Amino acid sequence: MNAQTIDYSKLQKQVDAHPYPLLFATISGAHLYGFPSADSDFDLRGVHLLPLEEVVGLDSGEETVEREGIHDGLEIDLVTHDAKKFFGLILKKNGYVLEQLLSPLVVFTTPEHEELQAIAKNCITRHHAHHYLGFAATQWKLFRKEEPPKVKPLLYVYRVLLTGLHLMRTGEVEANLLRLNETAKLAYIDELVERKLSGAEKGRLDAANLGFYEQEYERLVKELEIAMEQSTLPEQPAGKAALNELLVRLRTSRE
Numbered sequence: 618m619n620a621q622t623i624d625y626s627k628l629q630k631q632v633d634a635h636p637y638p639l640l641f642a643t644i645s646g647a648h649l650y651g652f653p654s655a656d657s658d659f660d661l662r663g664v665h666l667l668p669l670e671e672v673v674g675l676d677s678g679e680e681t682v683e684r685e686g687i688h689d690g691l692e693i694d695l696v697t698h699d700a701k702k703f704f705g706l707i708l709k710k711n712g713y714v715l716e717q718l719l720s721p722l723v724v725f726t727t728p729e730h731e732e733l734q735a736i737a738k739n740c741i742t743r744h745h746a747h748h749y750l751g752f753a754a755t756q757w758k759l760f761r762k763e764e765p766p767k768v769k770p771l772l773y774v775y776r777v778l779l780t781g782l783h784l785m786r787t788g789e790v791e792a793n794l795l796r797l798n799e800t801a802k803l804a805y806i807d808e809l810v811e812r813k814l815s816g817a818e819k820g821r822l823d824a825a826n827l828g829f830y831e832q833e834y835e836r837l838v839k840e841l842e843i844a845m846e847q848s849t850l851p852e853q854p855a856g857k858a859a860l861n862e863l864l865v866r867l868r869t870s871r872e
């Protein structure tokens, strides 16, 4: 399954049912990363805007909305954050929220979404590498925890490391593993993706290959650490004032 075969109309129904106004909703997860299986669920991510009375009043609204279930035959996992929380995550050098914000798989958008994308690009720093190094370490532990190990967490390991490398070298967020590998040219990536898409029978690895994959993991970690040191990206985000202005405008203009 790829971007061309996604039924956006079914996903739009879940966006329409959201309890708060949305700034955007995009697709994340395996579909964004370029290796969704036929039964992969849809990870919808986005930003909602709490009304002013639910921000300043005694009864607070839902800072994070989480909904999951099967709708129109699709397994959908919807998670959105209130604008203030999401903007704060951008400033905390969280690569995951950047991937959601800049995802090309857009289910719902607004002019403010486009404005936020432009601001967020000024919030990218060399320290975003720490996010990807940490995420890769977590996925590697998950990969080694199972016996025999599964292909899926290994793909996530390489995906986040290549995303981090690309970000440090270009300042651009790219989460699609297949596109990243056009530059990285790692011969084993296509094979791993094919094994993952083939289902459970081929979705596990032989112990004989573990040494090679561990060497590659350690090599890419070192590459990312060096890329962080050599990156020309700034030390600190430059978008806080613009994010604050946008948030205030969003809160007050909706009243």
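Residue numbers for the sequence shown follow the numbering used here, beginning at 618 and rising by one. Cβ coordinates follow ideal geometry from the N, Cα and C atoms, glycine included. As the structure is a prediction and not an experimental result, all values here were calculated from the model.
Same chain, Cβ closer than 7 Å to residue i, five either side skipped, listed in chain order
i	result
F704	L860, L864
L809	V768, L771, L772
Helix, strand or coil at residue i [DSSP, three-state]
i	result
S681	Reading the sequence as shown, one finds Thr at residue 681 and not Ser. In this structure, T681 counts as strand in the three-state DSSP scheme.
K767	strand
E692	strand
L863	helix
L639	strand
N619	Because the pLDDT of N619 is 44, which lies under 50, any placement of that residue in the model is unreliable, and the number read from its coordinates should be weighed accordingly. N619: coil per DSSP, three-state reduction.
H747	helix
F704	helix
S588	The structure shown does not extend to residue 588, since the chain is modelled only from 618 to 872, so the question has no answer here.
N798	helix
T849	coil
G686	strand
CA-to-CA distance, residue j to residue i, given in whole angstroms
i	j	result
L708	L837	26 Å
L779	N798	8 Å
R786	P770	24 Å
H745	Y830	24 Å
S677	L827	49 Å
A620	A804	With a pLDDT of 43 at A620, under the threshold of 50, the modelled position of that residue is not reliable, and the figure given next carries that caveat. Using only the alpha carbons, I get a separation of about 24 Å.
W757	G856	33 Å
M618	K627	Low confidence applies here, because M618 scores a pLDDT of 40, under 50, leaving its location unreliable and the question unanswered by this model.
Y713	Q629	22 Å
N793	Y650	4 Å
K710	E716	12 Å
E932	D823	Because the chain is modelled from 618 through 872, residue 932 falls outside the range shown and cannot be assessed.
Q853	G781	17 Å
R662	E679	15 Å
V763	R812	According to the sequence displayed, residue 763 carries Glu and not Val. Approximately 17 Å, taken between the alpha carbons.
Nearest neighbour of residue i, chosen from the options [CA to CA]
i	options	result
G751	K839, I644, R796	K839
G686	H665, L669, P721, F659	F659
V774	L675, L722, P728, Q832	Q832
E729	L640, H648, E852, S870	L640
Counted within 10 angstroms of its Cβ, other Cβ atoms place residue i as buried (16 or more) or exposed
i	result
L718	buried
P636	exposed
G646	buried
P766	buried
R743	buried
V675	It should be pointed out that residue 675 corresponds to Leu in this sequence rather than to Val. Per the 10 Å Cβ criterion, exposed.
Close beta carbons around residue i, own chain, < 8 Å, minus the five adjacent residues each side
i	result
T800	H783
L691	D624, K627, L628, D658, F659
T681	V696, T697, H698, D699, K702
N739	P854, A855, G856, A859
Contact set for residue i: own chain, Cβ-Cβ below 6 Å, skip 5 residues either direction
i	result
D689	K627
A753	V774, V777, L778
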